Each structure stands twice: as C-alpha cells, then as structure tokens.
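Structure first, then comments.
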Amino acid sequence: MTRLVSEWIVKMEENAANWSNELKEKTGMDYLDIAAVSSGKLRTALEGNAKGKRVAVIPVTSGLGAIDSFAQSVAAIVNAMGIEAFVTECTDVNGVYEAYTKGADILMMADDDRYIALNRISGELSDNNIATASGYSEMLMAMAGKSEGFNGQTVVVLGYGIIGKLMASYLKGKGAVVFIYDKNLKKREDAEASGFGWVWEKNDLKKFQYIADATSEGKWIDCNDLSEDAVIVAPGIPFSLTDDAKRKFQGRYVHDLLEIGTACMIGGVL
Ligand code: 2YJ
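Just so it is clear: in the sequence shown, position 172 is 172 by the numbering used here, and no numbers are missing.
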C-alpha cells in the first residue's frame, strides 16, 4: 500500500472541486454520483442525508506521522460534495474528542494501515480500500458504457494486492470475466482459486479493452502496451502510464490519489 507524500497532494485542496467536474465530463459521474452508485444509494438520498451534517477530519500522528495537507485535502473533497467539513485542531484521540464536542456527525481519519469514515449517529463505517475498489470499478463500468453490468465481457485487473483483489471480486459480481496480471507469479494459484483467469505476459495486455490498474510501480505502461481502444481506471499509486501513454489515452483513463475513494467513503456512511 502506497503512503501518500505531501508534495503529491499539495494542490489537492484547491483542485478538489475541479476534479469532480472533470470526472463528470470523463465518466458522466461527479463525486456525489460515484458515492451514490458505489454505495448502492440514490444521489437524491445522499443529498437528503447530507443536509445539516458536519464532517470532522482528524489528523493522526501515529506511525509515520501526519502528512502535511492530507486532512485538509480530505476536507476539501467532502466540501466539494456540498457537505460541510472541517479539520480538527487537535490530533489523534484528542481530535476525536474535539470532533464530538463540536458536534460532528461523521469522523474521518487515517493511520498508516487504514483510512476510515465513521458515522457516529448511525454507527455506519466505511473503509477506504473497499470504497476505492467499488468506486473505480463503477467508473470503469460507466466509461465502458456498461453501467448495468459487464454481461460476460472480459476485464483485466493489474496487480493482485488488496485493492486488486477487491476490484476483481467487485467486477466479477458485476458480470465481468476477470483476468489478473501480476508480476508475482506466486499469486496465480490464489487468483485461479477465486475464479479468475491469469495473464502470463505483459504483451497479452493488448488483448483487453477494459483495464483496472491497482499496481504501485509507476510508468511501466507505454503507448504500445495496451489495445488502441483501451479504457483504464487506475487507483494504483504511482500511476502506471508513461507521459506518452497519458497523452495517447487522454480522456480514456481515470486516476487520482485520494478523491474517488474519499467520496465513496462518504457515500458509504451517509
Ligand atoms: O493523518 C494523517 O495525516 C496521516 N496519518 C495520514 C496517513 C494516510 N495513510 C496512508 O496513506 C496509508 N497508505 C493508508 C491508506 C489506506 C487506504 N488505502
């Protein structure tokens, strides 16, 4: 799991609302739409449930410490969904106390292993890994024009780690025939036991139009590595496409560092 670095997210606070609009152009869904579809709720229901709610984001210093502007970025994403969010002045347990005393309905916080949203009124909890996997899978379905399901069409998931496994299961549940590509061949048995096909060669990735990329290597996919009509969703950090491949597939890929997962977490607890 890749830990975010503050230089990567330094502009997120000011760009959070723009990215929601760009996603709408690329996929037909903004943050609130993707939050709704990934959590199986209606957008109008989320809008109704969000009324008057306040979200507290609590910086957490345990482990490797707080990441500069992480909590501010999360709050900006939630604000961009039309929901009031603030960052607590205190951190850790004291921050949880502050969130409660200031009347927050939803608490968001992350340490090195887990990033959660907790609705303290309803008791609902969402996890960033699950939210990210379902959100990006739904993005792929929308971009592929398969919002109702893949109906036996083939999808390749790159990287069979936490998010890759979750996406593979989610997409299978949506009717896709899922193949896995992972450079660690030891994962093949596990993937096949879960009912997924296995892609042996990087060269074979060209056979797939629909790609869900959960790898964390960065710049290992170039222009000629994918099919001409490839559609790519990529929660993996750093992003796999080279700069040339990004130009080539412009408009046909979605990748971000925090936004889609965060929006979907809110969907899960509203
Ligand atoms: O509050 C802070 O600023 C930090 N404690 C945030 C830490 C963020 N954590 C990560 O980036 C880890 N990779 C865990 C993320 C889990 C989601 N997949």
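For glycine and all other residues, C-beta sits at the position ideal for the given N, C-alpha and C. Model, not experiment: these values are computed from the prediction.
Relative to the non-hydrogen atoms of the ligand 2YJ, the Cβ of D256 never comes closer than 6 Å to any of them. Three or more pairs of CB atoms, one per stretch, sit closer than 8 Å, so the region 125-140 contacts the region 26-46. In this structure S240 does not touch K207 by the C-beta definition: roughly 17 Å separates them, more than the 8 Å allowed. For A193 and S169, the gap between their C-alpha atoms comes out near 12 Å. Between T242 and L158, the CB-CB gap reaches or exceeds 7 Å. In this structure, M167 has its CB at a distance of at least 6 Å from all heavy atoms of the ligand 2YJ. Between I121 and T88, the C-beta spacing is not below 7 Å. A contact between stretches requires three or more CB pairs, one per stretch, nearer than 8 Å, and the region 76-91 meets this requirement with the region 5-18.
Linking H255 to Y97 through their CA atoms gives a straight-line distance of about 35 Å.
Listed in chain order, the beta strand (DSSP E) runs fully inside the region 51-139 are 54-57, 84-87, 106-110, 115-119 and 125-127, counting runs of at least 3 residues.
Contact between L4 and I67 holds: CB atoms are separated by about 6 Å, below the 8 Å threshold. With respect to the 7 Å criterion, L185 and V178 are not classified as neighbours on the basis of their beta carbons. In this model, A263 and R188 are separated by some 32 Å (Cα to Cα).
Under DSSP, Y253 takes part in a beta bridge, and its partners are I232. Runs of the beta strand (DSSP E) lying entirely within the region 171-224, each at least 3 residues long, are 177-181 and 210-213 in chain order. Taking C-beta atoms as the reference points, S39 and G268 count as a pair closer than 7 Å. Counted as a single uninterrupted DSSP element, the alpha helix (DSSP H) harbouring V269 occupies residues E259 to V269.
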